[in-house]
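K.L.:
Going by the numbering used here, the sequence shown opens with residue 23, and the numbers climb by one from there.
Right, I'll just put the structure down here and ask away after.
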Amino acid sequence: MSLLSKLMFWRTDAPRVSVLRLSGVIASGGSPLRKNLNYDSLEPVIKKAFLDKKQSAVILCINSPGGSPVQSALIGKRIRQLADKNKIPIIAFCEDVAASGGYWLASCADEIYADESSIIGSIGVISAGFGFTEAISKLGIERRVYTSGESKSVLDPFKKESPKDVARLRGLQNDIHEHFIEHVKSRRGKKLNEEEPLFTGLFWTGKKAKKLGLIDGIGAMQDVLTEKFGDNVKIKQITQKKGLFSVAGQFK
């Protein structure tokens, strides 16, 4: 399709939606071989998704097991800022998995859909590591560490854990977990079935997640959009390509 055709297509009176794909691990940094989801890389693309002020909705197509709680919050906050500013509804579609930080992103939407077999939830916080307290001594290695501040070497894998250090870590995890819970409750509200253990880190299939109020419905993106906006709905895939061609997006 030529650029002129794209621009004319963009101006059609038919309902239009922009699709923003959020696939991968949520983490700062990354490389050309492994692109993470993070605020720095996504912010320009998020802005591009909201360029069309007359579109019917912005679509989040999510396939993520989660990752950094900070990056999840930054991405989600930016999406909500632009949605509220432009008064554009957000609809999320969860593919294979929207867990942990992936579900954080999904819950930024006004409506969430998934496949019956999608994995949804995992509202919790985890950190993991290894202990090598005896390994280096068996190898005849002497480790020397110098710090200023008694807690500077907290959770050092080459020394035995202390109850104080573990308690400190759990306190940090609990703070982050509470923030996660507050976010989900603020977004999902009375839709949630809070009689179930929603915030324990468990995850469910899409079918069960609907009963729990974590999602709004079961359905594929094309089917749901056709049902909501009609057979003539125009879907614009938002890409990270630079230049004038990317402004119009990729149409289907």
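Heads up, the beta-carbon is just placed ideally off N, CA and C, and yes, glycines get one too.
Values in this document were obtained by computation on a predicted structure and should not be read as measured data.
1. Looking only at its own chain, which residues have a Cβ that is under 8 Å from the Cβ of GLY151, when we skip the five neighbours before and after it?
2. Would the beta-carbon of CYS83 fall within 8 Å of that of LEU44?
3. For SER45, which beta-bridge partners are listed by DSSP?
4. Pull up the CB-CB distance for SER50 and GLN93, whole angstroms please, since I reckon it's below 8 Å.
5. Using a Cβ distance threshold of 8 Å, determine whether the segment 104–124 contacts the segment 204–217, with at least three qualifying pairs required.
6. Among the residues of its own chain, which have a CB less than 7 Å from the CB of ALA131, if the five just before and after it don't count?
7. Pick out the complete beta strand (DSSP E) segments inside the segment 76–153, 3 residues or longer, and give them in chain order.
8. If you follow the beta strand (DSSP E) that LYS256 is part of, which residue opens it and which one closes it?
9. Mind reading off the beta-carbon distance from ILE203 to LEU42? Whole number of angstroms is fine, and I expect it under 8 Å.
10. Using DSSP with H/G/I as helix, E/B as strand and the rest coil, what is GLY52?
11. In this structure, how does DSSP classify VAL39 when only helix, strand and coil are distinguished?
12. Quick one: residues in its chain with C-beta nearer than 6 Å to the C-beta of ALA105, no 5 flanking neighbours on either side, listed in chain order?
13. Which same chain residues end up closer than 8 Å to LYS181 when comparing Cβ atoms and leaving out the 5 residues on each side of it in sequence?
14. Just the Cα atoms here: how many angstroms apart are LEU64 and LYS107?
15. Ignore the nearest five residues each way along the sequence and tell me which others in GLY265's own chain have a CB closer than 7 Å to its CB.
16. Suppose the cutoff is 7 Å on Cβ atoms and the five residues either side in sequence are ignored; what does the same chain contact list for LYS232 look like?
17. Work out the CA separation of VAL67 and GLN272 for me, nearest whole Å.
18. Within 10 angstroms of its Cβ, does ALA270 collect 16 or more other Cβ (buried), or is it exposed?
19. Where does the unbroken beta strand (DSSP E) through THR227 begin, and where does it stop?
P.N.:
To lay it out plainly:
1. Answer for GLY151: LEU177, PRO179, listed in chain order.
2. Less than 8 Å divides the Cβ of CYS83 from the Cβ of LEU44.
3. As computed with DSSP, SER45 is found in a beta bridge with ASN85.
4. Contact flag correct, Cβ pair sits at about 6 Å.
5. Verdict: no, contact absent.
6. LEU82, ILE112, ILE113, ALA114, listed in sequence order.
7. Taken in chain order, the complete beta strand (DSSP E) segments of 3 or more residues contained in the segment 76–153 are 79–86, 112–121, 133–136, 141–143.
8. Segment 256–259, the beta strand (DSSP E) holding LYS256.
9. Taking the Cβ atoms as the reference, ILE203 lies roughly 25 Å from LEU42, outside the contact range of under 8 Å.
10. Here GLY52 carries a coil assignment [DSSP, helix/strand/coil].
11. Shown here, VAL39 sits in a strand according to DSSP, grouped into three states.
12. The residues are ILE112.
13. Closer than 8 Å at Cβ, skipping near neighbours: THR155, SER175.
14. Looking at the two C-alpha atoms, the distance is approximately 18 Å.
15. Annotation note: pLDDT 41 at GLY265 (below 50); position unreliable, no value reported.
16. The beta carbon of LYS232 sits closer than 7 Å to those of GLY239, ILE240, all from its chain and outside the five residues before and after it, given in chain order.
17. Confidence at GLN272 is low in this model, with a pLDDT of 47, below 50, so its placement is unreliable and the value that follows should be read with caution. Annotation: GLN272 to VAL67 spans about 13 Å, alpha carbon to alpha carbon.
18. Since pLDDT at ALA270 reaches only 43, below the 50 mark, its modelled position is unreliable, and no value is offered.
19. Boundaries of the beta strand (DSSP E) around THR227: 225–227.
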